[in-house]
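Chemist: Residue numbers (UniProt numbering): 1 to 244.
1) Is it buried or exposed, residue 107, if we count other Cβ atoms within 10 angstroms and call 16 or more buried?
2) Which residues mark the beginning and the end of the beta strand (DSSP E) in which residue 233 is found?
3) Whole angstroms are fine: how far does the CA of residue 212 sit from the CA of residue 22?
4) Give the single residue among 196, 147 and 58 whose Cα lies nearest to the Cα of residue 173.
5) How long is the line joining the alpha carbons of residue 231 and residue 215, rounded to whole angstroms?
6) Which residues in the same chain have their Cβ closer than 7 Å to the Cβ of residue 184, if we skip the five residues on either side of it in sequence?
7) Is it the case that the Cβ atoms of residue 16 and residue 51 are separated by a distance below 8 Å?
8) Classify residue 201 as helix, strand or coil using the three-state DSSP reduction.
9) Residue range of the beta strand (DSSP E) that residue 88 falls in?
10) By the three-class DSSP mapping on this structure, what secondary structure does residue 36 have?
11) Would DSSP call residue 210 helix, strand or coil?
12) According to DSSP, what are the bridge partners of residue 194?
13) Check the DSSP bridge columns for residue 44 and list the partner residues they point to.
14) Of the residues 199, 209 and 168, which one's Cα is nearest the Cα of residue 128?
15) Going by DSSP, which residues form a beta bridge with residue 97?
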């Protein structure tokens, strides 16, 4: 008798570098998942603060760890994706955390013909939804997903067709990949459930000028009208000048 090999549906992937102070809350949220059938893949950038030792001490989660020097978060995420086993993956930052029903809610939607499933997230005191911030020429990825980290799962095979996260965009490569995939026919499903907390203290929030510049470049790479995008870029610089 032949037994059908069970396919792991979901991998949680995290990029870390000297994150030992942030990880405990994420680890606890993974331990508290109602659906425990997932793997956690961590791509560590050769941390020196005890991060690796903390990760290696975990025995009650299905965890894979790769630790080596890298070229930033997207290089680390690419490495994690390549060694992951799940049909879909969910990016969660070291300082983010998931609600107990997050994995269950995401996996319940995988059975459909969808390549990206996005849910609501909490960031600070605000809740972010997908599809409520205008057209992609104006709002970019936010037209389709609430957040790349915590707020969306991606079919891993999308990278076979659209490539991996580009190191040319060290702050917003997720924007480029998501928009390329959707423009290329990836199907998106929006679920009206809140799945976790996203910490907005990363580079994209701190380096406002760098973020706005990358988002502008991405829109041009995708063929958006240069005059319109240049005007929007200038207006966003003026709006955020105190943060620059």
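Glycine is no exception: its CB is placed at the ideal position from the N, C-alpha and C atoms.
Modeler: This is what the structure holds:
1) buried
2) That residue, residue 233, is in no beta strand (DSSP E); its alpha helix (DSSP H) goes 226-239.
3) 27 Å
4) It is 147 whose Cα lies nearest to the Cα of residue 173.
5) 13 Å
6) Non-local C-beta neighbours of residue 184 in its own chain, meaning closer than 7 Å and more than five positions away in sequence, comprise 161 and 162, ordered along the chain.
7) Their beta carbons are under 8 Å apart, which means residue 16 touches residue 51 by this criterion.
8) Reduced to three states, the DSSP call for residue 201 is coil.
9) According to the DSSP assignment, residue 88 belongs to the beta strand (DSSP E) that extends over 88-91.
10) coil
11) helix
12) 120
13) 16 and 67
14) 199
15) 197
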